[in-house]
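Report on the following structure.
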């Protein structure tokens with residue numbers, strides 16, 4: 006158990022809908038990262054938050070947004086969903102920025118857009 | 742821009758033999774590298790790391806080698822066990838702690 010909790014584990018929805026994925030980082034971790042893994046793809050970095058503030062953006066679509074709340078949990082909002090958004094979405098956390106950090110991953114949310 | 746690359750999507754090895762997984766990177770500013778292991782329906786878990794001041798780091802059956810001049814690292818698993826069958830990702834963070842991951846190599850250890 007990594008200590009990172011993601012809910013829900015599975016999500017099935019229709020095109021055009023909006024969903025929210027939730028992540029609770031490990032206790033004490035200030036940084037939260039979101040990654041997307043599509044079929045045959047590696048882990049694509051979406052966005053990073055540190056202590057409530059957006060720190061870095063990767064290949065995140067404009068239809069997607071995220072935030073990190075004062076209690077450090079994070080939510081990833083996906084709207085106007087398309088078939089191609091079907092993927093495994095991972096949240097990861099780490100203690101801080103810089104240095105020899107490592108990421109701790111949740112078990113992911115499998116999103117299926119039908 | 743794929744800054745970390747794993748060119749072998751899959752690898753099959755007999756139990757007891759050595760597994761060698763390879764990874765290349767393009768950013769010469771990377772100074773820390775990690776390997777993650779991922780089982781189906783689970784998130785990636787940290788396996789081993791190496792700092793650029795070293796060329797080798799060992800942890801039990803797992804050894805990571807770093808060749809900075811070639812911008813290449815490899816993970817050796819000796820001896821390979823069926824439980825090692827998983828997808829292995831190499832990763833490297835930039836100075837802002839944005840982690841870049843390779844596309845993964847699926848290792849199958851045949852009993």
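Protein chains in written order, with my numbering: chain P, 6 to 119; chain V, 742 to 852.
Think of the CB as a built atom: it goes at the ideal place given N, C-alpha and C, for glycine as much as any other residue.
As the structure is a computational prediction, the values presented were derived from the model and not from experiment.
Check: For residue 774/V, which of 844/V, 843/V, 849/V, 834/V has the nearest alpha-carbon?
Finding: Residue 774/V sits at position 33 when you count from the first residue of the second chain. Here the closest residue by C-alpha is 834/V.
Next item on the list: Indicate whether residue 807/V and residue 818/V have their beta-carbon atoms separated by less than 9 Å.
Entry: As a first step, residue 807/V must be located in the second chain, where it is residue number 66. As a first step, residue 818/V must be located in the second chain, where it is residue number 77. No; because the gap between Cβ atoms is not below 9 Å, this pair is not in contact.
Checklist line | Test item: CB-CB of residue 794/V and residue 765/V under 9 Å | finding: Position 53 of the second chain, counted from the first residue, corresponds to residue 794/V. Position 24 of the second chain, counted from the first residue, corresponds to residue 765/V. It is not a contact, given that the beta carbons lie outside the stated cut-off.
Check: Does the beta carbon of residue 71/P come closer than 9 Å to any beta carbon on chain A?
Finding: Note that chain A does not occur in the displayed structure, where the protein chains are P and V.
Check: If you measure from the beta carbon of residue 7/P to each beta carbon in chain V, is any gap under 9 Å?
Finding: For the purposes of this step, residue 7/P is taken as the residue at position 2 of the first chain. With 9 Å as the cut-off, residue 7/P counts as an interface residue toward chain V.
Notebook entry, point to check: Should residue 830/V be labelled buried (16 or more other beta-carbon atoms within 10 Å of its own) or exposed?
Noted result: The residue labelled residue 830/V in the question sits at position 89 within the second chain. Residue 830/V is buried by the Cβ-count criterion.
Note to self: Using only the alpha-carbon positions, how far apart do residue 36/P and residue 777/V sit?
What the structure shows: Locating residue 36/P in the first chain gives position 31, where the first residue counts as 1. Locating residue 777/V in the second chain gives position 36, where the first residue counts as 1. The straight-line gap from Cα to Cα measures roughly 19 Å.
Note to self: Rounded to the nearest angstrom, what separates residue 760/V and residue 751/V at their Cα positions?
What the structure shows: One-based indexing of the second chain puts residue 760/V at position 19. One-based indexing of the second chain puts residue 751/V at position 10. Between the alpha carbons of residue 760/V and residue 751/V lies a distance of about 11 Å.
Item checked: Host beta strand (DSSP E) of residue 849/V (start-end) -> What you label residue 849/V is simply residue 108 of the second chain in a count that begins at 1. For residue 849/V, the enclosing beta strand (DSSP E) stretches over residues 846–851.
Note to self: Quick check for students: name the residue ranges of the beta strand (DSSP E) that lie wholly in the region 753–782 of chain V, counting only runs of 3 or more.
What the structure shows: Taking only runs of at least 3 residues, the beta strand (DSSP E) segments lying wholly in the region 753–782 of chain V are 760–766, 773–779.
Check: Relative to the alpha-carbon of residue 785/V, which residue among 849/V, 802/V, 850/V, 845/V has its alpha-carbon at the smallest distance?
Finding: One-based indexing of the second chain puts residue 785/V at position 44. When each option's Cα is compared against that of residue 785/V, the closest is 845/V.
Notebook entry, point to check: Residues bridged to residue 751/V by DSSP?
Noted result: As a first step, residue 751/V must be located in the second chain, where it is residue number 10. Paired residues: 847/V.
Margin query: Short of 8 Å Cβ to Cβ, which residues in the region 22–36 of chain P face chain V?
Written below: Correct list: 36.
Note to self: Measuring only the C-alpha atoms, how far is residue 840/V from residue 51/P?
What the structure shows: In the second chain, the residue the question calls residue 840/V occupies position 99. In the first chain, the residue the question calls residue 51/P occupies position 46. Distance between the alpha carbons of residue 840/V and residue 51/P is about 11 Å.
Notebook entry, point to check: Is the region 112–119 of chain P touching the region 62–69 of chain P in the sense that three or more CB pairs, one from each, lie closer than 8 Å?
Noted result: No: the two stretches stay apart, fewer than three of their Cβ pairs being nearer than 8 Å.
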